[in-house]
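Beneath this line is the structure, given in structure tokens, with notes to follow.
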Amino acid sequence: MTRDFSQRSQIIVQSEIRNMTLECNRVGGINLAQGVCDTDTPREVIEGAHRAALEGINAYTRYDGLPVLRQAIAKKFRDLNRLEVDPEGEVVCSAGATGAFYCTCLALLDPGDEVLVLEPYYGYHVNTILAVGAVPVFVRLEPPDWSLDVEGIAAVLTPRTKAIVVNTPSNPSGKVFDRDELRVLADLAVDHDLFIISDEIYEYFVYDERRHLSPLSFDEARDRVVVISGYSKTFSITGWRIGYAVCDRRWARMIGYMNDLVYVCAPAPLQVGVAKGIEGLGEDFYRHLCAQYQAKREVLVKGLREGGLLPFVPQGSYYVLADVSAVPGRDSKEKALAILRHCGVASVPGSAFYRSDGRELVRFCFAKRDEVLKEASARLSKLSW
Ligand code: PLP
6 MTRDFSQRSQ
16 IIVQSEIRNM
26 TLECNRVGGI
36 NLAQGVCDTD
46 TPREVIEGAH
56 RAALEGINAY
66 TRYDGLPVLR
76 QAIAKKFRDL
86 NRLEVDPEGE
96 VVCSAGATGA
106 FYCTCLALLD
116 PGDEVLVLEP
126 YYGYHVNTIL
136 AVGAVPVFVR
146 LEPPDWSLDV
156 EGIAAVLTPR
166 TKAIVVNTPS
176 NPSGKVFDRD
186 ELRVLADLAV
196 DHDLFIISDE
206 IYEYFVYDER
216 RHLSPLSFDE
226 ARDRVVVISG
236 YSKTFSITGW
246 RIGYAVCDRR
256 WARMIGYMND
266 LVYVCAPAPL
276 QVGVAKGIEG
286 LGEDFYRHLC
296 AQYQAKREVL
306 VKGLREGGLL
316 PFVPQGSYYV
326 LADVSAVPGR
336 DSKEKALAIL
346 RHCGVASVPG
356 SAFYRSDGRE
366 LVRFCFAKRD
376 EVLKEASARL
386 SKLSW
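Heads up: the sequence shown begins at 6 in the numbering used here, then just goes up one per residue.
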């Protein structure tokens, strides 16, 4: 026996985002690499949490969260997604969507199970799958539409395939899967007895009159879909760590037990704050949020176009992948560094979202205050190669 790290430690890839952030800080640049929204948190949310803490809601909660939050999430599903979800048994509140995803993987995946992941992917999904010993199997989606590649999926299915991860709206591509695509996916999951793990954390960030649809909406797949989401983005509370998994009670119980094991519970007064936000904020809030981010998208897209970095205009979420073939550099990392050096705007190399190459892509995040985003866009627009 040698004293060394676990095998799992050696396969987890460190995020490029952290490196770019360090590099950005070194040159005093504008950081459009990190997906941290610095828009205001609604008062209802902050006051709700504050009051809860003062009123003594500071102890451990039940393993799946406080009733007030589970009920609020069920109400959200009813109002927005037109889906009935039982707050007593089908909702597990966790430490962010990240915690919910990890607990789901712990509960459903065995070492060696194969999990289909659509490229470009969100790195945490892949690292979490690896961390539980499962095997990510990649299916590449192509710009500009990032359409679901059904034949590509069918080609990589094996008897070991246990689940497919979807992220709609997607980080980093901004893809919002439509009804037809999700139906195909649901049918495929039924035919091959797969779970669909659906990360919907950007469900409120959809543009151009599009509507978010969850795979949970398909009756035939209802008992095999686990929706993962949370309020980090919607309420700008990335540091609060409030997220959830919603699925059939059969799976939810074990996901909840895993949540107990790893986190015990999500932060108690913050659960109340989020519940107050869900209860108190009406459609206007979400409509405004959407309009605000769509306007931010336009600002960034314009700057990118003028600077010769060709954006794939996202349908949702708050990231833009841009084709940076014109930028000098051997790979997407060198290209992202060249952009940072030339105009002081940090992005994430495309390699962070692909298993082997990053293509000619980098990702910019537009969840920034307007004045910061405008300055970044102005700088990008002056680029020439
Ligand atoms: N899922 C996706 C697709 C994300 O992009 C992010 C954050 O960037 C998360 C989950 C993290 O969510 P949370 O803060 O709730 O853990």
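By construction, the Cβ of each residue, glycine as well, lies at the ideal position given by its N, Cα and C atoms.
- Here Pro149 is exposed: its Cβ has fewer than 16 other Cβ atoms, across all protein chains shown, within 10 Å.
- Setting aside the 5 residues that flank it on each side, Ala280 is surrounded in the same chain by Val73, Leu74, Ala77, each with a C-beta closer than 6 Å to its C-beta; the list follows chain order.
- Counting along the chain, Glu303 sits inside the alpha helix (DSSP H) bounded by residues 288–311.
- The shortest CA-to-CA distance from Ser361 to any of Ile344, Lys338, Leu342 is the one to Lys338.
- In terms of Cβ geometry, Leu121 and Val142 form a close pair [threshold 8 Å].
- Those residues having their beta-carbon less than 6 Å away from any non-hydrogen atom of ligand 1 are, in chain order, Gly40, Gly101, Ala102, Thr103, Tyr127, Asn172, Asn176, Asp204, Ile206, Gly235, Ser237, Thr243, Gly248.
- A straight-line Cα-Cα distance of about 43 Å links Leu27 and Arg87.
- Membership of Lys338 in the alpha helix (DSSP H) is indicated by the continuous run 337–348.
- Inclusion of Val277 and Gly101 in the CB contact set at 8 Å is not warranted, their separation being larger than that value.
- Per DSSP, the continuous alpha helix (DSSP H) segment holding Gly157 begins and ends at 155–161.
- Cβ contact annotation for Ile17 (same chain, cutoff 8 Å, sequence separation greater than five): Asn132, Leu135, Ala136, in chain order.
- In the DSSP secondary-structure assignment, Ile233 is bridged to Asp204, Ala250.
- Under DSSP, the beta-bridge partners assigned to Glu124 are Arg145.
- Below 8 Å, enough C-beta pairs join the stretch 243–252 and the stretch 94–112 to call them touching: three or more.
- Runs of the beta strand (DSSP E) lying entirely within the stretch 55–113 and spanning at least 3 residues, in chain order: 96–99.
- For the 8 Å CB-CB criterion, Lys238 and Tyr207 form a contact.
- In this structure, Leu218 sits away from Arg227, with a CB-CB distance that is not shorter than 8 Å.
- Counting along the chain, Val367 sits inside the beta strand (DSSP E) bounded by residues 366–370.
- As computed with DSSP, Leu326 is found in a beta bridge with Phe317, Arg368.
- Separation of Ser352 and Cys270 (C-alpha to C-alpha, rounded to the nearest whole angstrom) is 34 Å.
- In the three-state DSSP reduction, Pro274 falls in the helix class (H, G or I).
- Taken through DSSP and simplified to helix, strand or coil, Ala351 comes out as strand.
- Annotated three-state conformation of Val50 is helix, per DSSP.
- The three-state secondary structure of Val279, taken from DSSP, is helix.
- Here the C-alpha atom of Ile201 lies approximately 17 Å from the C-alpha atom of Glu156.
- As a beta-bridge residue in DSSP terms, Thr166 pairs with Glu119.
- Following the DSSP letters along the chain, one finds Cys29 inside the alpha helix (DSSP H) bounded by residues 21–31.
- Here the C-alpha atom of Leu378 lies approximately 46 Å from the C-alpha atom of Asp196.
- In this structure, Tyr291 places its C-beta atom within 8 Å of the C-beta atom of Tyr209.
- Non-local beta-carbon contacts of Asp204 in its own chain, meaning distances under 6 Å to residues more than five positions away in sequence, involve Asn172, Ile233 in chain order.
- A distance below 7 Å between beta-carbons, with the five flanking residues on each side excluded, links Tyr268 to the following residues of its chain, in chain order: Ser99, Ala100, Gly104.
- Around the Cβ of Glu214, a 10 Å sphere holds fewer than 16 other Cβ atoms; the residue is exposed.
- Here the alpha carbon of Asp91 sits roughly 7 Å from the alpha carbon of Ala79.
- Exclusion of the five residues before and after Val211 leaves Pro174, Val181, His217, Cys295, Gln320, Gly321 as the residues of its chain whose Cβ lies within less than 8 Å of its Cβ.
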